[in-house]
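Using the numbering used here, you'd call the opening residue of the sequence shown number 26 and step up by one each time.
C-beta: ideal position from N, C-alpha, C; glycine also.
Predicted model only: the values in this text are computed from it and were never measured.
First comes the structure, then the notes that go with it.
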Amino acid sequence: MISRSPFGDTFEYSVSATQEQERLEQFVQNSRKTVVIQGLGFVGTAMAAAVANAKDASGNLLYNVIGVDLPDEANYWKIARVNKGLASVVSTDTSLDAAYTTAHANGNLTATYSPFAYTLADIVVIDIHLDIKKKQLGNAREYDFTFERYKEAIKTVAERITNDTLVLVETTVPPGTTEKVLKPMFELIGRQRGLNTSTVHLAHSYERVMPGKEYLSSITNFYRVYSGTDDAAKLATREFLSSFINTKDFPLTELHSTTASEMSKVLENSFRAMNIAFMQEWTEFAETAGVNMFDVIQAIRVRPTHRNIMAPGFGVGGYCLTKDSLLADWSYSTLFESEKHDTQKRLEISLSAIDINDMMPKHTVEMLKSAMPDLKGKHITVLGVSYLNDVADTRYSPAELFYDLCAKEGAVMQLHDPLVSYWVEKATDVHTSFDALAGLKHDAAVFAVRHSNYLCMTADQILSALPGVSLIIDAFNIISDGTANDLRARGVKVLGIGKGHWN
Ligand SMILES: NC(=O)c1ccc[n+]([C@@H]2O[C@H](COP(=O)([O-])OP(=O)(O)OC[C@H]3O[C@@H](n4cnc5c(N)ncnc54)[C@H](O)[C@@H]3O)[C@@H](O)[C@H]2O)c1
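Shown next, in the form of C-alpha cells:
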C-alpha cells in the first residue's frame, strides 16, 4: 500500500507485527526510560521532538521515544518520515527539523504502527484527536459527538501497559473525561489483566503548542497546566513535564483535579473565540461609520486591562477554536448536568461566539458583492487558504466558507498559499508561487491570511502577481494605507475588513 504525505513524498508499506515487536524491543535495550506518544499529528510531532531531545544535568539523553500512529493510507507517511529523521508536519520552524535530525542521529526516536510499543512504556502520552462535528455551520448548538473511537484507541493502551506507568492525556477533551470515562476503563481493564491498578497513574495536561515559527519552542518554553487523578499521578506528571520544559522561566501550574485541567483548556480557547466574535459587530459598525477600526484598537490597547482586545479579520479556523466550546458544552449538558436536572444547561454565550466566528467569512463575500454584484464567471483569487499566518494547516480554514459561497454563485475560484500546495479539505491544488498566479486572469482578489510573504508587498508586486485585477479586498489588515492609495492610483478598487476609512 502507498501513503502520500503533504510534502509530496510517498511511502510503500506493509504491516508485520512480529518484526516490529523485535525492532522495538531492541530499540529500548538501554537504561533510559521509554516514552510512547500515541498520535503523530500536529501536537504529537512536536512533543516527540521535545521529549527526545530532553537531557539530564550531565547532558545524557533522558528518554527513548516511540511515536505511534496508524498504518493506513492517510497516516502511514507520518511513521515513515519520523523513521527517516523528518518531522511529520509542514512547518516554518527550522528548529523542529533540526530536533528531528538530532534525535535521528542520537538513535532515541522511532515511530511505529504497533501497539506493542505500549508494553514497553514508562510513560504514555495521548496526543490523538477527539472530534465533535457541527451538523451545520452557523448552528453550534447541534453537533454529533461520540467517545467510541477515542475509547477504542485508549483501550489499546490500557490493554498493554504495565504497573507503574504514567498515562498523560493531552487531547482536548470534555471536562470530566479522565475522571469519569478513562479512569473507570483503566481500572476495569487493569483488574481483568491482574495489574495493581493503584500503580497506573492517570493525568491530564494540555498543549498550548502554536504551529508557526516558534512551534517547538511553544512546547519547551511555555507555561503548562496539569493535574492527576491522585497524588502519585500529579507528582509523576510534574517530574516528566519538568524534564523537557523550561520550568525555571515558565513554572508549571498544578490544578486540584483532571476535570479542572480539562476545563482550563476549553475555557481558555472559548475565551479567545469569544474575544474574536465580540469584534465582528463592531467591525461592521466601523465600516458603516467610516472608521478605521485598527486605529481604534491601537488606541484602546494602551490600557493594560484592554491589551488583548482582538482586531477585525477574515475569520477563525483551525482545529481548536472552532470546536473546543462544543466539547465543554457537551460535558456540561451531558456528562454533568444530565445527572442533576431534567433540562439541559448549555454554554450559550460560548456557542454564539462559535457561530459568529464560523460565519465571519460571509461578511467578506458581502463586501466583495457590494463592489461586484454578479460573481458568475468572475475569476476570484484567494491569497491564503490556511487558517493562520505562516502555518500550512488548512483544517476548518475560514477560506472554505468563502470558497463555497463564491463558487455557489458561479465564480471561478483561484487559490494561492505559499505553504499549501494541495488543499486536502477541498481536494484541490493551490498555487504556491506568484509567478504561477501571474499567468491567470484575475477579476477580484482577497488577501485572507497574514502570511509574511503578503505583508510587505508593494502595489507593483501585487499587480504583477494579479495582472488585470480590478478589485482587491484586504480581509486581514495586510495592505497599508499607502499601498492601497498606490493601487487606487492604478485604477484598482480597494476595500478592507474593518477599514471604514477606505470603504
Ligand atoms: N493543533 C494544535 O495546534 C493543538 C493545540 C493544542 C491542543 N490540541 C489538541 O491536541 C489533540 C491532537 O491534535 P492534533 O492537532 O495533533 O491532531 P491531529 O489530527 O493532527 O493528530 C492526531 C493523530 O493521532 C493519530 N491517531 C488517531 N487514532 C490513533 C490510534 N488509535 N493510534 C495511534 N494514532 C492515532 C492520527 O492518525 C493523527 O496523526 C487534539 O485534542 C487537539 O484539540 C491541538
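Three-way DSSP call (helix, strand, coil) for residue i in this model
i    : result
F211 : helix
G110 : coil
V206 : helix
I503 : coil
G92  : strand
Y101 : helix
R166 : coil
Y447 : strand
V390 : helix
F319 : helix
V281 : Before going further, note that residue 281 is His rather than Val in the sequence given. It is coil, neither helix nor strand.
K176 : helix
Q44  : helix
E37  : strand
V115 : coil
G201 : coil
T269 : According to the sequence provided, residue 269 is Phe. The question's Thr does not apply to it. Of the three classes helix, strand and coil, the one that applies to F269 here is helix, per DSSP.
I522 : coil
A473 : coil
R29  : strand
D354 : helix
A436 : coil
G253 : strand
S242 : helix
L191 : strand
Pairwise C-alpha distance: residue j and residue i
i    : j    : result
R263 : M392 : 51 Å
N133 : M335 : 42 Å
A470 : T35  : 34 Å
K159 : P199 : 15 Å
S242 : N478 : 23 Å
S116 : K238 : 7 Å
A77  : V250 : 21 Å
T59  : V90  : 6 Å
T485 : V437 : Correcting the residue identity first, residue 485 is Asp in this sequence and not Thr. Spanning the two alpha carbons is a distance of roughly 24 Å.
E293 : L277 : 16 Å
I244 : V61  : 17 Å
I104 : A112 : 10 Å
S230 : S252 : 7 Å
N221 : I186 : 11 Å
I503 : L49  : 49 Å
E434 : D399 : 8 Å
I179 : V225 : 14 Å
Q44  : Q51  : 11 Å
S41  : R218 : 25 Å
G33  : A514 : 42 Å
T202 : T284 : 7 Å
F265 : Q46  : 26 Å
V107 : A452 : 25 Å
I270 : R475 : 30 Å
A500 : M385 : 11 Å
Burial state of residue i (16 or more Cβ within 10 Å)
i    : result
E312 : buried
G516 : exposed
N333 : exposed
C481 : exposed
Y248 : exposed
R174 : exposed
S223 : exposed
E177 : exposed
M26  : exposed
K524 : buried
P236 : buried
V449 : exposed
Q369 : exposed
K290 : buried
Q63  : buried
P329 : exposed
Q54  : exposed
Practice task
Pair every Cβ in the segment 305 to 316 with every Cβ in the segment 486 to 495, then say whether three or more of these pairs are closer than 8 Å.
Solution key: no
Practice task
Would you check if the segment 334 to 350 and the segment 419 to 428 touch, i.e. whether three or more CB-CB distances between them fall below 8 Å?
Solution key: yes
Handout entry: Any 3 or more C-beta pairs closer than 8 Å across the segment 375 to 391 and the segment 453 to 465
Key = When Cβ pairs closer than 8 Å are counted between the two stretches, the segment 375 to 391 is seen not to touch the segment 453 to 465, the count staying below three.
Problem - Three-pair Cβ contact test at 8 Å for the segment 80 to 97 versus the segment 136 to 144 - result: yes
Problem - Cβ pair count under 8 Å reaching 3, the segment 387 to 402 against the segment 517 to 528 - result: yes
Handout entry: the segment 396 to 412 touching the segment 491 to 510, judged by at least three CB pairs closer than 8 Å
Key = Flag = yes, the segment 396 to 412 and the segment 491 to 510 touch.
Problem - the segment 346 to 365 in contact with the segment 190 to 199 per 3-pair CB rule at 8 Å - result: yes
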